[in-house]
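Trainee: Each protein sequence line maps, in turn, to chains F and U. This note's numbering puts the first residue of the first sequence at 74, with every later residue one more than the last. This note's numbering puts the first residue of the second sequence at 74, with every later residue one more than the last. Where is the CB? At the ideal position from N, CA and C, for every residue including glycine. Nothing here was measured: the structure is a model prediction, and the numbers come from that model.
Number of protein chains: 2
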Amino acid sequence: MIESEVNNLALLLKSISHPIRLQILCLLQTSELSVGEIRKEMQTSGANISQHLNIMRNQGIIASRKEANFVYNRIADQRVIELMKTMKQLFCSIS
Amino acid sequence: MIESEVNNLALLLKSISHPIRLQILCLLQTSELSVGEIRKEMQTSGANISQHLNIMRNQGIIASRKEANFVYNRIADQRVIELMKTMKQLFCSIS
DNA sequence: TAAGTATTTAACTATCAACTTAACTACACG
DNA sequence: CGTGTAGTTAAGTTGATAGTTAAATACTTA
Numbered sequence: 074m075i076e077s078e079v080n081n082l083a084l085l086l087k088s089i090s091h092p093i094r095l096q097i098l099c100l101l102q103t104s105e106l107s108v109g110e111i112r113k114e115m116q117t118s119g120a121n122i123s124q125h126l127n128i129m130r131n132q133g134i135i136a137s138r139k140e141a142n143f144v145y146n147r148i149a150d151q152r153v154i155e156l157m158k159t160m161k162q163l164f165c166s167i168s
Numbered sequence: 074m075i076e077s078e079v080n081n082l083a084l085l086l087k088s089i090s091h092p093i094r095l096q097i098l099c100l101l102q103t104s105e106l107s108v109g110e111i112r113k114e115m116q117t118s119g120a121n122i123s124q125h126l127n128i129m130r131n132q133g134i135i136a137s138r139k140e141a142n143f144v145y146n147r148i149a150d151q152r153v154i155e156l157m158k159t160m161k162q163l164f165c166s167i168s
C-alpha cells in the first residue's frame, strides 16, 4: 500500500468506525431509507443521525436524494457494501 | 448484526483507523517485526510507534513477545489479516 | 557493575469528535 | 399565507485522541 492509499483508507475506516454509523450502513445494505426511517431503528436524536449521515456523505460513502420533504439515503460506494459483507462474515456469528 | 457485535466491530475498526496503525498492520501481514524494525519503515518517533502498538495490543489485534531487549510483534487475530487482504483488494490499485 | 540499546510510560498540550439543544430551511397542504 | 413535518445547521460542552519530550524500565555486554 502506498502512502496516499494508507491515508485514504484510514479516513474511510474512521468514517465508519462508530456504532451509529455502522448500524446505518447495515440498514442501508439492502435498501434506500429516509432519515426518519433510519431514525425509527435507532435510539438517538434526528440531529445526531443527520450529523452521522453527513460524516459519511462527506467521505463519499453515502449519497442522498430529496423527494418531497424526505431525504432518501443509500450507500454510494459498492466497495463499502463488499467491505461490510466481509466484516459481517468475519466478526459476526450469524451474518 | 446485534448491538454488541456492532459495538465490538466499531471498537476494532477504530483501533485500526489511523495511518500509522494501518501501516504497521501492513508490515506485519507477512512477518513478525520488532518495534525498531517497524520504526525504520516509518517517519515517527519510537515512543509514538510504541503507543500505537499498545492501542492495538489492548484491542487484542497484536501480540508481542520479548526476546533479549527486542519486542517482536505479530498480528494476533487471523480475521484481521483477512480483513486487511479484503481492504487491499477493494481499495488499492496493486494489492 | 557501568554504559549502551530497545522499549515503555508519564505528563503535557493541542486538536478533534460526539452529543445536546435550539434555531433554521424546505416543502406540503389546508 | 400559516401551520406542521422532515431534515439540517450552529453553538456550546465534554471527553477522547495524537504527538512531543523526558524519564523510567529491561536487558546486554564490556
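#1: So V153(F) and L95(U) are in contact, right, with Cβ under 8 Å, and what is the actual spacing, rounded?
#2: Spatial neighbours of A136(U) within its chain, please: CB distance less than 7 Å, with the 5 preceding and 5 following residues excluded, ordered by chain position.
#3: Taking the alpha-carbon positions, what's the M74(F) to G133(U) distance?
#4: Are M160(F) and L82(U) touching if we call contact CB-CB under 9 Å?
#5: From S118(F) to L84(F), what does the alpha carbon distance come to, in whole angstroms?
#6: A83(F) lies in the alpha helix (DSSP H); which residues open and close that run?
#7: Contact criterion: CB-CB distance below 9 Å. Does R94(U) meet it with respect to chain F?
#8: Does the beta carbon of R152(U) sit closer than 9 Å to a beta carbon anywhere in chain F?
#9: Give me the Cα-Cα distance between R122(F) and L106(F), rounded to the nearest whole angstrom.
#10: Do I89(F) and M115(F) have their C-beta atoms closer together than 9 Å?
#11: Give a yes or no on whether the minimum CB-CB distance between F164(U) and chain F is below 9 Å.
#12: Taking the CB atoms as reference points, tell me whether L86(U) and L86(F) lie closer together than 9 Å.
#13: Under a CB-based cut-off of 9 Å, is T159(U) close to chain F?
#14: Quick one: does M74(F) have its CB under 9 Å from some CB of chain U?
Mentor: On the basis of the coordinates in this document:
#1: Between V153(F) and L95(U), the beta carbon gap of about 17 Å keeps them out of contact (Cβ cut-off 8 Å).
#2: Within the same chain, A136(U) has close Cβ partners R147 and A149.
#3: One Cα belongs to M74(F), the other to G133(U), and the distance between them is close to 23 Å.
#4: Contact: yes.
#5: When rounded, the separation of the alpha-carbon atoms in S118(F) and L84(F) is 25 Å.
#6: First-last of the alpha helix (DSSP H) with A83(F): E76 to I89.
#7: Taking a beta-carbon distance threshold of 9 Å, R94(U) counts as an interface residue toward chain F.
#8: Interface residue, yes.
#9: The identity of residue 122(F) in the sequence shown is Ile, whereas the question assumes Arg. In this structure, the alpha-carbon of I122(F) lies about 13 Å from that of L106(F).
#10: In this structure, M115(F) does not lie closer than 9 Å to I89(F) by Cβ.
#11: Nearest CB-CB separation between F164(U) and chain F: below the 9 Å threshold.
#12: Between L86(U) and L86(F), the CB-CB gap stays under 9 Å.
#13: Cβ-Cβ to chain F under 9 Å: yes for T159(U).
#14: Yes, because at least one Cβ of chain U sits closer than 9 Å to the Cβ of M74(F).
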